[in-house]
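Presented below is the structure to which this report refers.
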Amino acid sequence: MENSEGKQSVNPESTAAGPGGAEAGTPGPKAGLTPDAETGAFANTVAGADLPPGVQPASGGSPYGERRTVGVGPYVGPWPEDPRLDPELLAAGDHRNVLDEYRYWTVEAIKADLDTRRAPLHIAIENLQHDLNIGSIVRSANAFNVAGVHIVGRHKWNRRGALVTDRYLNMHYHREPAELTQWAQENSYELVAIDNQEGATPIESTALPAQCVLVFGQESAGISPELLELCNSAVEISQYGSTRSLNVAAAAAIAMFAWSLQHQAARN
């Protein structure tokens, strides 16, 4: 139908669905990528239509109604004799959110390969209130291939934002801050608090230890006084706007990148 200006208009409530979609008159699926919370895989759908594994969405459509295909389909040809490969993935396809070089590999094989080149960096996160940001921090820790992630406080944490990347990391659990301190001392690591407290030095002008544990607190509350007291030093991320603090997951990613700028180039 045309509006008063002679332009074509569309009623979103009466748009017919495409193949595999809902009946005419019902809204389509919500836009955006929605990974599975358990596997980290993304759905192979375009505007509600199921796609065979490995088939890419057709170009030219609206990006708001598309979901890109991630991964590969079943392995074609004789299976390689490689103990790192997972027979189930070879048969069904691999749609996990992993690098192409790890396609069809078992979780154990991927983790073992990452273990051969871990950065000498650890991340510690206080888990006092089941913070949703912990999962995002864990995902960033995987991206920087840190040597380990330490959860201080509750053993159970919200894994949704991690997209199962914790399976590829070395996870450590400490009931109390003192347990983290003991681990750090026994393994010759310094505890560096990332906190905008008084006296903290700017991260951009601070030489971070090559072997250190970057310590993060809860969203809003920050690092607990008990844990802060046990840290060897404190650094802050300079801010130039009006907000009092960064989201802790964003701060963690920035801090890991800052450490990498100082140390990863020399290692590689």
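First residue of the sequence shown? That's 1 in full-length UniProt numbering, and the numbers climb one at a time after it. Every residue, glycine too, gets a C-beta built ideally from N, C-alpha and C.
**OP:** In angstroms with no decimal places, state the Cα-to-Cα distance between I125 and S205.
**Re:** 24 Å
Original post:
Which residues share a DSSP beta bridge with F216?
Top reply: I125
Original post:
Three-state secondary structure (DSSP) at A47?
Top reply: Residue placement at A47 is flagged as unreliable, the pLDDT there being 38, under the threshold of 50; a coordinate-derived value is accordingly withheld.
Original post:
According to the Cβ coordinates, are G161 and L114 closer than 8 Å?
Top reply: no
Original post:
V55 to G71, Cα distance in whole Å?
Top reply: Low confidence applies here, because V55 scores a pLDDT of 34, under 50, leaving its location unreliable and the question unanswered by this model.
Subject >> Residue from A207, S136 and W105 whose Cα sits closest to the Cα of A258 >> reply: A207
Original post:
Closest by CA to G217, which one among P225, A210 and Q211?
Top reply: P225
Subject >> Check whether I194 and L214 have beta carbons under 8 Å apart >> reply: yes
Subject >> Close beta carbons around A250, own chain, < 6 Å, minus the five adjacent residues each side >> reply: none
Subject >> Inside the region 119 to 183 only - beta strand (DSSP E) runs reaching at least 3 residues >> reply: 119 to 127, 146 to 153 and 171 to 174
Subject >> Pair within 8 Å by beta-carbon distance, L237 and A255 >> reply: Per the sequence shown, residue 237 should be read as Ile rather than Leu. Taking 8 Å as the Cβ cut-off, I237 and A255 qualify as a contacting pair.
Subject >> Boundaries of the alpha helix (DSSP H) in which A92 is found, first to last residue >> reply: P87 to A92
Subject >> Boundaries of the beta strand (DSSP E) in which V72 is found, first to last residue >> reply: Where V72 is concerned, there is no enclosing beta strand (DSSP E), given that its DSSP letter is neither H nor E.
Original post:
Would you report the Cα separation of P52 and S242, rounded to the nearest angstrom?
Top reply: Reliability of the predicted coordinates at P52 is poor, the pLDDT of 40 falling under 50, and the value obtained from them is presented with this limitation in mind. C-alpha separation (whole angstroms): 48 Å.
**OP:** With a 10 Å radius around its C-beta and 16 neighbouring C-beta atoms as the bar for buried, classify P80 as buried or exposed.
**Re:** exposed
Original post:
Can you check whether the CB of Y104 is closer than 8 Å to the CB of L89?
Top reply: yes
Original post:
If you draw a straight line from the C-alpha of K156 to the C-alpha of P87, how long is it?
Top reply: 31 Å
**OP:** Kindly indicate the opening and closing residues of the alpha helix (DSSP H) around E229.
**Re:** P225 to L230
Subject >> Own chain partners of R84 with C-beta closer than 7 Å, once the 5 adjacent residues on each side are dropped >> reply: W105, T106 and A109
Subject >> Beta carbon of A119 nearer than 8 Å to that of Q264 >> reply: yes
Original post:
Helix, strand or coil for V98 per DSSP?
Top reply: coil
Original post:
What's the gap between the Cα of N142 and the Cα of A112?
Top reply: 13 Å
Original post:
Among all the DSSP beta bridges, which residues are the ones paired with G222?
Top reply: Q218
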